[in-house]
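Take a look at the structure below.
In the numbering used here, the protein residues as written are 2 to 217.
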């Protein structure tokens with residue numbers, strides 16, 4: 002296995018782990034106060050999104066659209082397997098001396114249900130959008146202006162991702178429609194800010210990966 006292959010595998014593992022973790026924690030919402038500007042009500046899962054889009058951009062940059070898509074597909078499959086395993090675990094009855102009773106276990110892990118399925122669908126659509134736009138801009142600019150394709154592809158993809166998951170969650174009454182716009186705007190603002198702030202990390206990642214791959 003070459004250094005390039007090992008790096009591809011490592012980035013794919015980090016991406017997959019981040020997405021699965023995000024799906025496990027996404028139904029807890031927090032407030033982030035930006036002094037004198039705005040208070041954002043967002044899911045804690047949203048905090049992990051900048052990492053996933055940064056990795057998918059780097060995968061697309063160095064390994065191409067098809068290999069980046071493959072990582073997304075494996076991640077979706079892994080997420081569905083975790084969902085199935087948790088569903089089975091919830092259905093199995095606990096013994097009387099179990100530290101967690103059935104209701105407690107269900108309350109803890111039942112979040113990995115319809116809500117998580119909505120998140121998986123949104124992530125898949127959003128990430129594919131990111132990869133397609135990133136690849137198109139790379140071709141259009143002849144591989145120049147990394148900051149442009151990194152930010153434009155991520156912001157558009159995050160808009161699609163956020164709107165998709167919230168529409169599904171509200172449609173199935175997991176989140177009340179009255180919170181749609183506040184959560185949507187808060188999540189989108191956070192994601193856009195994060196996308197802009199991760200630009201230096203994208204250049205740093207690009208430099209390190211290029212150096213590692215080409216190191217003799």
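C-beta atoms are modelled at their ideal positions from N, C-alpha and C, and glycine is treated no differently. Remember, predicted model here, so these are calculated numbers, not experimental data.
Residue of the options minimising C-alpha distance to residue i
i           : options               : result
residue 92  : 107, 69, 62 and 119   : 107
residue 46  : 197, 192, 209 and 212 : 192
residue 40  : 215, 186, 214 and 213 : 186
residue 26  : 48, 11, 189 and 9     : 48
residue 183 : 42, 31, 6 and 32      : 42
residue 154 : 167, 143 and 139      : 139
residue 85  : 117, 103 and 96       : 117
residue 24  : 69, 4, 81 and 8       : 81
residue 68  : 10, 181, 33 and 35    : 10
residue 167 : 158, 160 and 181      : 181
residue 115 : 4, 28 and 211         : 28
residue 160 : 190, 83, 145 and 144  : 190
Close Cβ partners of residue i (< 6 Å) along its chain, the five nearest in sequence each way excluded
i           : result
residue 73  : 128
residue 178 : 171
residue 188 : 43, 47 and 163
residue 135 : 58, 61, 150 and 154
residue 2   : none
Beta-carbon proximity list for residue i, same chain, < 7 Å, skipping 5 on both sides
i           : result
residue 79  : 17 and 21
residue 156 : 193 and 196
residue 65  : none
residue 103 : 94 and 95
residue 199 : 51 and 55
residue 213 : 4 and 8
Bridge partners - residue i, DSSP secondary structure assignment
i          : result
residue 34 : 40
Cβ-based neighbour list, residue i, same chain, cut-off 8 Å, excluding 5 preceding and 5 following
i          : result
residue 77 : 121, 124 and 125
residue 1  : Since the first residue of the chain shown is 2 and the last is 217, residue 1 is not available in this structure.
Supposed close pair residue i, residue j - CB separation, criterion 8 Å
i           : j           : result
residue 62  : residue 207 : 7 Å
residue 87  : residue 71  : Incorrect: roughly 25 Å between the Cβ atoms, too far for contact.
residue 169 : residue 119 : 4 Å
Residue i at chain D interface by Cβ criterion, 8 Å
i          : result
residue 82 : Among the protein chains of the structure shown there is no chain D, as only one such chain exists.
contact_flag[the region 45 to 56, the region 4 to 17] where n(CB pairs < 8 Å) is 3 or more: With the rule of 3 Cβ pairs closer than 8 Å, the region 45 to 56 counts as touching the region 4 to 17.
Validate contact between the region 130 to 141 and the region 56 to 74 using beta carbons, cut 8 Å, 3 pairs: Remark: three or more beta-carbon pairs, one from each stretch, lie closer than 8 Å, so the region 130 to 141 and the region 56 to 74 are flagged as touching.
contact_flag[the region 171 to 178, the region 138 to 152] where n(CB pairs < 8 Å) is 3 or more: Touching, no.
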